[in-house]
Amino acid sequence: MTRHPDCRLVAALLAGVIALFAAALLWGETALDIPAALHDLFAGRPTIGAIILGQLRLPRALLALLIGGTLGLSGAVLQGYLRNPLADPGLLGVSSGAALGAVVTFYTGLAATSALALPAGGLAGALLSVAMLIGLAGQGGTLTLLLAGTALTSFFAAMTALTLNLVPSPYASFEIMHWLMGSLADRTMTHVWLCLPGIVAGCALMFSTARTLDALTLGEDVAESLGFPPGGLSGARTRIVLGSALAVGSCVAVSGAIGFVGLVVPHLLRPLTGHRPGRLLFPSFLGGAILLLFADALARLIPTSSELHVGVLTAIAGAPLFLWRVIRLRRTGS
Amino acid sequence: MSAETGGLSAANVSLRLGGRSVLNDVSLEARQGEVLGLIGPNGAGKSTFLRVLAGLRQPDTGDVTLDGGRLADLSPNRRARQIAFMPQNGGSPPPMDVSDLVSLGRLPFGSDPANRDAIAQAMEETGTVSLKDRPATALSGGELARVLLARALAAETPYLIADEPIAALDPAHALSVMSLFCALARKGRSITVVLHDLTLAARFCDRVVLLQSGCIAGSGTPAGVMTDAAMRDVYNVDVRRVEGAVIPWRLVRGVDGKI
Numbered sequence: 001m002t003r004h005p006d007c008r009l010v011a012a013l014l015a016g017v018i019a020l021f022a023a024a025l026l027w028g029e030t031a032l033d034i035p036a037a038l039h040d041l042f043a044g045r046p047t048i049g050a051i052i053l054g055q056l057r058l059p060r061a062l063l064a065l066l067i068g069g070t071l072g073l074s075g076a077v078l079q080g081y082l083r084n085p086l087a088d089p090g091l092l093g094v095s096s097g098a099a100l101g102a103v104v105t106f107y108t109g110l111a112a113t114s115a116l117a118l119p120a121g122g123l124a125g126a127l128l129s130v131a132m133l134i135g136l137a138g139q140g141g142t143l144t145l146l147l148a149g150t151a152l153t154s155f156f157a158a159m160t161a162l163t164l165n166l167v168p169s170p171y172a173s174f175e176i177m178h179w180l181m182g183s184l185a186d187r188t189m190t191h192v193w194l195c196l197p198g199i200v201a202g203c204a205l206m207f208s209t210a211r212t213l214d215a216l217t218l219g220e221d222v223a224e225s226l227g228f229p230p231g232g233l234s235g236a237r238t239r240i241v242l243g244s245a246l247a248v249g250s251c252v253a254v255s256g257a258i259g260f261v262g263l264v265v266p267h268l269l270r271p272l273t274g275h276r277p278g279r280l281l282f283p284s285f286l287g288g289a290i291l292l293l294f295a296d297a298l299a300r301l302i303p304t305s306s307e308l309h310v311g312v313l314t315a316i317a318g319a320p321l322f323l324w325r326v327i328r329l330r331r332t333g334s
Numbered sequence: 001m002s003a004e005t006g007g008l009s010a011a012n013v014s015l016r017l018g019g020r021s022v023l024n025d026v027s028l029e030a031r032q033g034e035v036l037g038l039i040g041p042n043g044a045g046k047s048t049f050l051r052v053l054a055g056l057r058q059p060d061t062g063d064v065t066l067d068g069g070r071l072a073d074l075s076p077n078r079r080a081r082q083i084a085f086m087p088q089n090g091g092s093p094p095p096m097d098v099s100d101l102v103s104l105g106r107l108p109f110g111s112d113p114a115n116r117d118a119i120a121q122a123m124e125e126t127g128t129v130s131l132k133d134r135p136a137t138a139l140s141g142g143e144l145a146r147v148l149l150a151r152a153l154a155a156e157t158p159y160l161i162a163d164e165p166i167a168a169l170d171p172a173h174a175l176s177v178m179s180l181f182c183a184l185a186r187k188g189r190s191i192t193v194v195l196h197d198l199t200l201a202a203r204f205c206d207r208v209v210l211l212q213s214g215c216i217a218g219s220g221t222p223a224g225v226m227t228d229a230a231m232r233d234v235y236n237v238d239v240r241r242v243e244g245a246v247i248p249w250r251l252v253r254g255v256d257g258k259i
């Protein structure tokens, strides 16, 4: 039941992703001879151009694409499953868990011992919160899931605040504050490899729920009668919770918390996909990638005394987008 | 009634919810080629029983069988291709176009080439073709009820189970939907509907099952089940009869003592 407008939308979004990804590689503070740098990169020659392209710009662009896509996708999946347009990947408490895990590595000084300690701590926090979420929400319904997510978010946020409160050196608390704002600066291919398995597995689980999400638009009884039981071990609920938690946890572990992408992107694309939640998934992945690639390009290129954090930019951009939706809603009543 | 018979059968089904017995030893058989009406006052357990019959809820005891095999043993997709379920219309619909909403009924069939014809026919039968490009949120209650029925019919399953499908319809549309059910039954499908309109139940159902407090209070032809005494006992109303149809006419005593 795919329609041509979907193909056109996906093609347009894909073109946007490719253009912004290429721009992220081509543009930066340092002017590069791109063909020469590419040549050196593939030949394995460690020239300045090859290092800037392969070790600075490529991982950053890849992370923007993967993390933006994951946040957009998980927002679309959660909004579809919970049938609540205000659902957001942060809702399940996994982002807060990942943030706490990372903050603990700052507190304990582990973050200073190895570049990997910080994302590994974030990943451990994310996995712990996934286990707690599944333990708490179990086979309950959507309300149980929301309550469990809210409880975990509050708990982890409180623990993060406590850690900040007790942190021994002002320098560490400054580092934590900066990390919590969300950024893609100074990430390497190691960060990409670290978050990739969780993102791939999580996104695959989330994409597999597309038809169940369509069936769920008329309620759980109808979905089940159409052959898509939302509960149970193989049901959509388990795949959504596990998938979004794994993928988003992996993202937050390497980038810090980046808000609003998961909330805003599905909102903007929903009217273009006929309000079918299943058809919204892939466009939301691409839309999230576009938004984060664009925001990160702004973060790199806007001249400020210290580089802007991309998480701050998405938050700044997200609020007016919602205001625009409110104004439209009031005008059209729809 | 045995669990070994063909059709869609419930045998000795009992269910407790929140410590209260909702269904108590209920047995019935939905046969192909007939319209089976499930009637009874509010709270009699009709909707719960429909969910059990559709395989959406497991009873505490008893069993539901489809053509002799346990319904619970069928894969969700096989079951969805056999039984279409239309719940009571509640809550607001998703803001998708009517044709998209009806096409949800074909989800169990993936990208089957027959989807397009099945959707077109279901919309034709329910008189919803003219609504196809309207968002479901802009429909009246009656229009939405017909669209939701089209969604259920689009699956072209041998068994259709519908919970109060005509509750929101005006008399003309209610008559047309009941006539459609009869026509579908004549073509060999099995239609099981919960009805509160006793007049239409008596006119259009081949058989009716009367539920009271989770137990079967009567089962058989409308004339045999919907007797004056049964209506008075179960519904607390006196009825009048016009050419075989039953018309609720007067309360016997106050409902719950409040009127």
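For the protein sequence lines, the chains are A and B, in the order given.
With full-length UniProt numbering, the residue at position 100 of the first sequence is 100, and numbering never jumps.
With full-length UniProt numbering, the residue at position 98 of the second sequence is 98, and numbering never jumps.
Using N, Cα and C, we set each Cβ at its ideal position, and we do this for glycine too.
How would you label residue i, buried or exposed, when you count the other beta carbons within 10 angstroms and need 16 or more for buried?
i: residue 114 of chain B; result: exposed
i: residue 86 of chain A; result: exposed
i: residue 266 of chain A; result: buried
i: residue 34 of chain A; result: exposed
i: residue 46 of chain B; result: buried
i: residue 103 of chain B; result: buried
i: residue 231 of chain B; result: buried
i: residue 240 of chain A; result: buried
i: residue 250 of chain A; result: buried
i: residue 217 of chain A; result: buried
i: residue 4 of chain B; result: In this predicted model, residue 4 of chain B has a pLDDT of only 44, less than 50, meaning its place in the structure is not dependable enough to derive any value.
i: residue 119 of chain A; result: buried
i: residue 42 of chain A; result: exposed
i: residue 154 of chain A; result: exposed
i: residue 209 of chain A; result: buried
Closer than 8 angstroms, CB to CB, is residue i near chain B or not?
i: residue 280 of chain A; result: no
i: residue 6 of chain A; result: no
i: residue 331 of chain A; result: no
i: residue 214 of chain A; result: yes
i: residue 75 of chain A; result: no
i: residue 98 of chain A; result: no
In chain A, which residues lie with their C-beta within 9 angstroms of the C-beta of residue i?
i: residue 85 of chain B; result: 221, 222, 224, 225 and 226
i: residue 113 of chain B; result: Under the 9 angstroms cutoff, chain A gives no residues; its nearest Cβ is about 12 angstroms from residue 113 of chain B.
i: residue 70 of chain B; result: Near residue 70 of chain B there are no residues of chain A at all, since even the closest Cβ is about 17 angstroms away, more than 9 angstroms.
Check whether the Cβ of residue i lies closer than 8 angstroms to any Cβ atom in chain A.
i: residue 59 of chain B; result: no
i: residue 97 of chain B; result: yes
i: residue 4 of chain B; result: Bear in mind that a pLDDT of 44 at residue 4 of chain B, under 50, signals an unreliable position, so the model cannot answer this.
i: residue 170 of chain B; result: no
i: residue 150 of chain B; result: no
i: residue 54 of chain B; result: yes
i: residue 104 of chain B; result: yes
i: residue 94 of chain B; result: yes
Listing by chain order, which chain A residues have their CB less than 7 angstroms from the CB of residue i?
i: residue 79 of chain B; result: 227
i: residue 100 of chain B; result: 274 and 276
Could you tell me which chain A residues have their CB closer than 8 angstroms to the CB of residue i, listed as they occur along the chain?
i: residue 107 of chain B; result: 211, 214, 215, 226, 227 and 228
i: residue 73 of chain B; result: Correct list: empty, because the minimum Cβ distance to chain A is about 15 angstroms.
i: residue 76 of chain B; result: 224, 227, 228 and 229
Just by C-beta distance, which residues in the region 218 to 234 of chain A are closer than 8 angstroms to chain B? 218, 219, 221, 222, 224, 225, 226, 227, 228 and 229
May I ask you to list, following chain order, the residues of the region 251 to 282 of chain A that have a beta carbon less than 7 angstroms from some beta carbon of chain B? 274, 275 and 276
Quick one, which residues of the region 20 to 52 of chain B are near chain A if we go by CB-CB under 9 angstroms, in chain order? 51
Within 8 angstroms, do at least three Cβ pairs link the region 91 to 99 of chain B to the region 168 to 180 of chain B? no
Three or more C-beta pairs under 8 angstroms: does that hold for the region 289 to 300 of chain A against the region 18 to 25 of chain A? yes
So, do the region 104 to 112 of chain B and the region 73 to 85 of chain B have three or more beta carbon pairs nearer to each other than 8 angstroms? yes
Are the region 38 to 58 of chain B and the region 155 to 166 of chain B in contact at 8 angstroms, needing three or more beta carbon pairs? yes
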